Amino acid sequence: MLQYPDIDPVALSVGPLTVHWYGITYLVAFSVGWWLAKHRASKAGSGWNPDEIGDAVFYIVIGVIAGGKLGSLLFYQTELLFTQPLQALNPFSPYGFRGMSFHGGFLGVLAAFWLYARHTNRSFFQVADFFAPAFPIGLGAGRIGNFINGELYGRITDVPWGMVFPHAGPEPRHPNQLYQFFCEGVILFIVVWVFSSKPRPARAVSGVFVISYGIYRFFIEFVRQPDADLGFVAFNWLTMGQVLSFPMILVGLYLLYSAYNAKPASGLKK
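Under this note's numbering, think of the first position of the sequence shown as 0, with each following residue one higher.
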């Protein structure tokens, strides 16, 4: 059994100002994503100007935060949303920033892509395919924040690397946050970044990202502790994370199929 490092979730406290490590991981996520996107934009033939990346990141930040919070309320805290909607939606209430949902943040980012595409006269997948390779590092950073907070831990286990997490009882559990960091922040990044390093048809890069995350998340849920407010949502094994991830697999398959089987535009022969 490994010893869980008891890290203070508060990184810095000066008077009334309190900075949490979890917030720092979000700052790292957006900063690294910005840098990676500018790196991609600086390549010849990218179709992007590095100076415009900042505007796109602004859209994405809003999408992540708004979508992540709303997704957490809709998918995992439905009762709170309907019984105390003003408290749930008030960012200054005790419930204001309680939890962020990846799937909600993902939908928020899709909305941000759509808005930015309209603003810059691009297609949706021109934006989505360009930014998808920059996202995994940010996802991994967020999981480190979960680990520091001692939240989203795994199920009880007897594997040698099991950990006893604060507020999770005396039994060792899977360090699920580290599994997710490795899969989301390392493997997913390598897969999507390498795949996008060569010219690909529209929708292909987005398809690889969506299907890869969906498959990984569906299976990692088998060792992740179900959310206390929900438990298993069906069959005594299906979690909300699996319910939300399975459609991603189907969408990813469709995007890859349509990307590589799109019929060329017809035209009159001269």
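Ideal Cβ placement from N, Cα and C applies to all residues, glycine included. Every value quoted in this text rests on a predicted model; they were computed, and no experiment measured them.
Residue closest to residue i, alpha-carbon to alpha-carbon, out of the options
i       : options                               : result
Val-193 : Gly-62, Ile-59 and Val-207            : Val-207
Pro-4   : Pro-165, Val-250, Val-18 and Asn-235  : Pro-165
Leu-35  : Phe-134, Gly-240 and Glu-183          : Phe-134
Met-0   : Glu-170, Phe-188, Ala-227 and Ser-12  : Glu-170
His-38  : Phe-130, Pro-8, His-19 and Thr-119    : Phe-130
Val-222 : Gln-241, Glu-51 and Val-190           : Gln-241
Gly-46  : Pro-198, Trp-113, Tyr-25 and Leu-187  : Pro-198
Pro-8   : Glu-78, Gln-2, His-19 and Thr-82      : His-19
Glu-51  : Trp-236, Asn-145 and Val-126          : Val-126
Phe-188 : Ile-136, Asp-228, Leu-237 and Gly-168 : Ile-136
Tyr-25  : Asn-145, Asp-54, Ser-12 and Gln-2     : Asn-145
Beta-carbon proximity check, residue i vs residue j, cutoff 8 Å
i       : j       : result
Ser-205 : Asp-128 : yes
Tyr-259 : Ala-201 : no
Glu-183 : Leu-109 : no
Tyr-178 : Ile-147 : no
Ile-143 : Phe-181 : no
Ala-111 : Ile-59  : yes
Met-239 : Tyr-21  : no
Val-56  : Trp-33  : yes
Phe-123 : Trp-113 : yes
Cβ separation of residue i and residue j, assumed to be a contact under 8 Å, to the nearest whole Å
i       : j       : result
Ala-28  : Gly-141 : 6 Å
Ile-23  : Ala-10  : 6 Å
Phe-234 : Pro-225 : Not confirmed; about 12 Å, so no contact.
Ser-195 : Pro-132 : 5 Å
Ile-210 : Leu-243 : Actually they do not touch by this definition, with Cβ atoms about 14 Å apart.
Contact between the region 170 to 177 and the region 147 to 157 is defined here as three or more beta-carbon pairs at a separation below 8 Å; is this criterion met?
yes
Check whether the region 56 to 72 and the region 98 to 105 are in contact - that is, three or more C-beta pairs closer than 8 Å.
yes
Any contact between the region 158 to 169 and the region 103 to 112? By contact I mean 3 or more CB pairs, one from each, below 8 Å.
no
Just to confirm the assignment: which complete alpha helix (DSSP H) runs, minimum length 4, are found wholly within the region 114 to 193?
123 to 130, 134 to 148 and 175 to 179
Take every Cβ of the region 246 to 261, pair it with every Cβ of the region 206 to 220, and state whether three or more of those distances are shorter than 8 Å.
Counting Cβ pairs under 8 Å, three or more are found: they touch.
What runs of the alpha helix (DSSP H), each 4 residues or longer, lie entirely inside the region 27 to 87?
52 to 70 and 77 to 82
Runs of beta strand (DSSP E) wholly within the region 230 to 266 (minimum 3 residues, chain order):
None, since the region 230 to 266 contains no complete beta strand (DSSP E) of that length.
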